[in-house]
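Engineer:
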Amino acid sequence: MTAHQPSPEAAAADPLERTAPLQQRVLRTLFLTQILGGLAVGIGIAVGALLVEEMTGSATFTGLAQSLFVGGSALVVVPAVRITERFGRRGGLAFGYGCAVLGTGVVITAINLGSAPLAVTGYFLLGAASFAGLQSRYAAADLAPAARRGSHLSLIVWATTIGSVAGPSLAGLAERTWSGWFGGPAYIGSMVAIGILCLLTAAVILVFLRPDPLLTAREISGETDAPKRSIADGYRTAKANPAVRTGVVAAALGHFVMVGVMAMTAVHIKHGMADPTEALSVVGVILGLHIGGMYAFAPIIGRLVDKYGARPILMAGTVTLVAACTVSGSSPGSDHVRLSIGLVLLGVGWSAMTVGSAALVTGAITPAERPSTQGFSDLVMGLAAMAAGLASGPIVEYASYGILCVSCAVVALLVFPFLMGKLTGPTPVEEAA
5 MTAHQPSPEA
15 AAADPLERTA
25 PLQQRVLRTL
35 FLTQILGGLA
45 VGIGIAVGAL
55 LVEEMTGSAT
65 FTGLAQSLFV
75 GGSALVVVPA
85 VRITERFGRR
95 GGLAFGYGCA
105 VLGTGVVITA
115 INLGSAPLAV
125 TGYFLLGAAS
135 FAGLQSRYAA
145 ADLAPAARRG
155 SHLSLIVWAT
165 TIGSVAGPSL
175 AGLAERTWSG
185 WFGGPAYIGS
195 MVAIGILCLL
205 TAAVILVFLR
215 PDPLLTAREI
225 SGETDAPKRS
235 IADGYRTAKA
245 NPAVRTGVVA
255 AALGHFVMVG
265 VMAMTAVHIK
275 HGMADPTEAL
285 SVVGVILGLH
295 IGGMYAFAPI
305 IGRLVDKYGA
315 RPILMAGTVT
325 LVAACTVSGS
335 SPGSDHVRLS
345 IGLVLLGVGW
355 SAMTVGSAAL
365 VTGAITPAER
375 PSTQGFSDLV
385 MGLAAMAAGL
395 ASGPIVEYAS
405 YGILCVSCAV
415 VALLVFPFLM
425 GKLTGPTPVE
435 EAA
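With this note's numbering, you'll find the sequence shown wraps up at 437, consecutive numbering, no jumps.
1. For a quick check, are the C-beta atoms of Val81 and Leu213 less than 8 Å apart?
2. Could you check the C-alpha separation between Arg233 and Arg222 for me, to the nearest Å?
3. Determine the closest residue to Ala413 out of Thr33, Val248, Gly333, Gly126, with distance taken between C-alpha atoms.
4. Where does Val433 land, buried or exposed, given buried means 16+ other C-beta within 10 angstroms?
5. Keeping to the same chain, check which residues put their C-beta closer than 6 Å to that of Ile166; ignore five residues upstream and five downstream.
6. Under the rule that 16 or more other beta-carbon atoms within 10 Å means buried, what is Ile407, buried or exposed?
7. Less than 8 Å between the CB atoms is what I'm expecting for Gly306 and Ala356, so what's the real figure, rounded?
8. If you drop the 5 nearest sequence neighbours on each side, which residues of the same chain put their C-beta closer than 7 Å to that of Ala302?
9. Among Thr220, Tyr239, Arg152, which has the Cα closest to the Cα of Leu308?
10. Looking at Leu43 and Leu3, is the spacing between their C-beta atoms short of 8 Å?
11. Looking at Val415 and Phe186, is the spacing between their C-beta atoms short of 8 Å?
12. So, is Ala236 buried or exposed, given that buried needs 16 or more other C-beta atoms within 10 angstroms?
13. Just to confirm before moving on: does the CB-CB distance between Phe35 and Ala84 stay below 8 Å?
14. Under 8 Å by Cβ, that's how I've got Gly251 and Ser376 pegged, so tell me the actual separation to the nearest angstrom.
15. Under the three-state reduction of DSSP, which class applies to Phe128: helix, strand or coil?
16. Just to confirm, is the Cβ distance from His156 to Ala170 under 8 Å?
17. Who are the Cβ neighbours of Ala362 in its own chain at under 6 Å, not counting the five residues just before and after it?
18. Express the C-alpha separation of Leu387 and Leu147 in angstroms, rounding to a whole number.
19. To the nearest angstrom, report how far apart Leu291 and Ile49 are at their CA atoms.
20. Which of helix, strand or coil does DSSP assign to Phe420?
21. Do the CB positions of Gly367 and Met298 come within less than 8 Å of each other?
22. Under 8 Å, with one C-beta from each stretch per pair, do the region 50-60 and the region 92-101 reach the 3-pair mark?
23. Is it buried or exposed, Ser335, if we count other Cβ atoms within 10 angstroms and call 16 or more buried?
24. What do you reckon, are the CB atoms on Pro206 and Ser194 nearer than 8 Å?
25. Suppose you measure from the CA of Gly397 to the CA of Ala255; what does that come to, to the nearest Å?
26. Whose C-alpha, out of Val384, Leu293, Val263, is nearest the C-alpha of His340?
27. Name the two residues that bound the continuous alpha helix (DSSP H) containing Arg180.
28. For Asp310, which three-state DSSP category applies?
29. Count Cβ pairs between the region 99-112 and the region 126-133 that sit closer than 8 Å; are there 3 or more?
30. What do you get for Asp216, buried or exposed, if any count of 16 or more other CB atoms within 10 angstroms of its CB means buried?
31. Which of the three DSSP states, helix, strand or coil, is assigned to Pro303?
32. With DSSP collapsed to three states, give me the class of Ser134.
33. Would you check if the distance between the CB atom of Phe128 and the CB atom of Leu201 is smaller than 8 Å?
34. Out of Thr88, Leu343, Gly188, which one is the CA nearest neighbour of Thr117?
35. Does the beta-carbon of Ser404 have 16 or more other beta-carbons within 10 angstroms, so that it is buried, or is it exposed?
36. I'd like to know whether the C-beta atoms of Arg419 and Leu257 end up nearer to each other than 8 Å.
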């Protein structure tokens, strides 16, 4: 019996074992919403950099769209935590997708007005879909037995593969369909598709995610009368708990590296093509592979977390991110094969950091602490994403894509001092004390 594996007696004593039928229903609902939401996120990622570069004519501002799309959770996380505290996961997730629907309207207005600042603002709101997709992994863990927490939350991360891989490739189809039916400026078709998908996702959550997994977990743990917590409480929990603190840092640095490299890859590809007008199709394929790397291997990673604990998986994720930066940074924009390999590795490294950190954080806190602490973690991830996007454009503009990748590799290595420290946590998913 290893330190990471519970005894049969401990597993049998886990009260969440009795909620297996409800947990299966939760997983099925979240699986469907991740497909729909993944389609929306995939389309948004493929279109963002190209849209802003076309509107501004400068790579300096191009990273803004991507960073704000992925980091839009920094705007919605504070109200989303309050909504989740009061109404459970259903309220918080539906709120996130609702904000994304509003964001698509803002971007469409910006395209018609030719306003780049308004388009960037819309992408900030649209990024709430990314926030909701990330929060879904926590919803999958609320009723998961401790010994299978990594597997359950990674299943929902994996579900995003189906939508996200197809999303970038569907961006071109959405454009051609809208142009053929209605005409008008480029990229409106993509925005309309994102809005419809996010609206449908919110509806599925509100109708089918019942009973709410977070509220049910609180009932089981006897914490229904626990005081409502805020993001500030999540910060205090992370500050006091080494396992939570390490999970937050690992998630944020992994997100920074992924966004920093990915945000400028589309522009790097476009500048390396003889015919830049064909860039959207190539970008769609390569980013689709990247997003596949982000999600497709999540179930394997989840099982490894359950078996070996979070620390070795986070270490492996860090090494993979460094390898991804090396391969991508040494690839010219015209070498689509090498860029594809680098972007797939980037996605796998991000997946290891995301699944490992989520299991680490969730296993170290009670159900009453989850929305505030998990929300704080995603807030830090969002801020890291925005910082990466803000830095990536100027670095490529005034240095090169290769220098950007080297810089991101250095950032990835910053997580090692935290991983080498002592991690404590109350469940077998976490590192042994």
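C-beta: ideal position from N, C-alpha, C; glycine also.
Structural biologist: By the coordinates alone:
1. Sequence index remark: in the sequence shown, residue 81 carries index 77 (1-based). Sequence index remark: in the sequence shown, residue 213 carries index 209 (1-based). The answer is no: Cβ separation not under 8 Å.
2. Locating residue 233 in the sequence shown gives position 229, counting from the first residue. Locating residue 222 in the sequence shown gives position 218, counting from the first residue. Looking at the two C-alpha atoms, the distance is approximately 14 Å.
3. Translated into positions along the sequence shown, residue 413 becomes position 409. Comparing Cα positions, the closest option is Gly333.
4. As a first step, residue 433 must be located in the sequence shown, where it is residue number 429. Only weak support is given to the placement of Val433: the predicted model assigns it a pLDDT of 39, under 50, and the question is left unresolved by the model.
5. Mapped onto the sequence shown, residue 166 falls at position 162. Ile39, listed in sequence order.
6. As a working mapping, residue 407 is identified with position 403 in the sequence shown. Ile407 is exposed by the Cβ-count criterion.
7. Reading the sequence shown from its first residue, position 302 is the one you call residue 306. Reading the sequence shown from its first residue, position 352 is the one you call residue 356. At roughly 10 Å, the Cβ-Cβ gap does not stay under 8 Å, so Gly306 and Ala356 are not in contact.
8. Here the question's residue 302 lines up with position 298 in the sequence shown. Contacts found: Ser158, Val161, Trp162, Ser355, Val359.
9. Translated into the one-based positions of the sequence shown, residue 308 becomes position 304. Selected option, being the one with the closest Cα: Arg152.
10. Since the first residue of the chain shown is 5 and the last is 437, residue 3 is not available in this structure.
11. Locating residue 186 in the sequence shown gives position 182, counting from the first residue. Locating residue 415 in the sequence shown gives position 411, counting from the first residue. Against a cut-off of 8 Å, the Cβ pair of Val415 and Phe186 comes out as no contact.
12. Along the sequence shown, read from residue 1 onward, the residue named residue 236 stands at position 232. The residue in question, Ala236, is exposed, as its Cβ has fewer than 16 Cβ neighbours within 10 Å.
13. In the sequence shown, residue 35 corresponds to position 31, counting from 1. In the sequence shown, residue 84 corresponds to position 80, counting from 1. Not in contact: Phe35 and Ala84 (Cβ atoms no closer than 8 Å).
14. Mapped onto the sequence shown, residue 251 falls at position 247. Mapped onto the sequence shown, residue 376 falls at position 372. Actually they are not in contact, since the Cβ atoms of Gly251 and Ser376 sit about 14 Å apart, beyond 8 Å.
15. In the sequence shown, the residue the question calls residue 128 occupies position 124. Note: Phe128 maps to helix in three-state DSSP.
16. The count along the sequence shown starts at 1 and reaches residue 156 at position 152. The count along the sequence shown starts at 1 and reaches residue 170 at position 166. In this structure, Ala170 does not lie closer than 8 Å to His156 by Cβ.
17. Taking the first residue of the sequence shown as position 1, residue 362 is located at position 358. Excluding residues within five positions, the ones whose Cβ falls inside 6 Å are Arg141, Leu157.
18. Here residue 147 refers to the residue found at position 143 when the sequence shown is read from its first residue. Here residue 387 refers to the residue found at position 383 when the sequence shown is read from its first residue. Each residue's Cα considered, the two are about 29 Å apart.
19. As a first step, residue 291 must be located in the sequence shown, where it is residue number 287. As a first step, residue 49 must be located in the sequence shown, where it is residue number 45. Answer to the nearest angstrom: the Cα atoms are 8 Å apart.
20. Within the sequence shown, the letter at position 416 stands for residue 420. Three-state result, Phe420: helix.
21. Position 363 of the sequence shown holds residue 367. Position 294 of the sequence shown holds residue 298. No, Cβ-Cβ distance for Gly367 and Met298 is not below 8 Å.
22. no
23. Against the sequence shown, residue 335 aligns to sequence position 331. Buried, because 16 or more other Cβ atoms sit within 10 Å of the Cβ of Ser335.
24. Indexing the sequence shown from 1 puts residue 206 at position 202. Indexing the sequence shown from 1 puts residue 194 at position 190. According to the sequence displayed, residue 206 carries Ala and not Pro. The answer is no: Cβ separation not under 8 Å.
25. Locating residue 397 in the sequence shown gives position 393, counting from the first residue. Locating residue 255 in the sequence shown gives position 251, counting from the first residue. Distance between the alpha carbons of Gly397 and Ala255: 22 Å.
26. Mapped onto the sequence shown, residue 340 falls at position 336. Minimum Cα distance to His340 is reached at Leu293.
27. Walking along the sequence shown from the start, residue 180 turns up at place 176. Run containing Arg180: 153-185, per the alpha helix (DSSP H) assignment.
28. Sequence index remark: in the sequence shown, residue 310 carries index 306 (1-based). If DSSP states are grouped into helix, strand and coil, Asp310 belongs with the helices.
29. yes
30. As a position in the sequence shown, residue 216 is number 212, starting the count at 1. By the 10 Å Cβ count, Asp216 comes out buried.
31. Along the sequence shown, one-based indexing puts residue 303 at 299. If DSSP states are grouped into helix, strand and coil, Pro303 belongs with the helices.
32. Translated into positions along the sequence shown, residue 134 becomes position 130. Helix.
33. Residue numbering aside, residue 128 sits at position 124 when the sequence shown is read from its first letter. Residue numbering aside, residue 201 sits at position 197 when the sequence shown is read from its first letter. No, the Cβ-Cβ distance between Phe128 and Leu201 is not below 8 Å.
34. Position 113 of the sequence shown holds residue 117. According to the sequence provided, residue 117 is Leu. The question's Thr does not apply to it. Nearest option by C-alpha distance: Gly188.
35. By one-based count along the sequence shown, residue 404 stands at place 400. Under this definition Ser404 is an exposed residue.
36. Sequence index remark: in the sequence shown, residue 419 carries index 415 (1-based). Sequence index remark: in the sequence shown, residue 257 carries index 253 (1-based). Note on identity: in this sequence residue 419 is Val, with Arg being the wrong assignment. Yes, the Cβ-Cβ distance between Val419 and Leu257 is below 8 Å.
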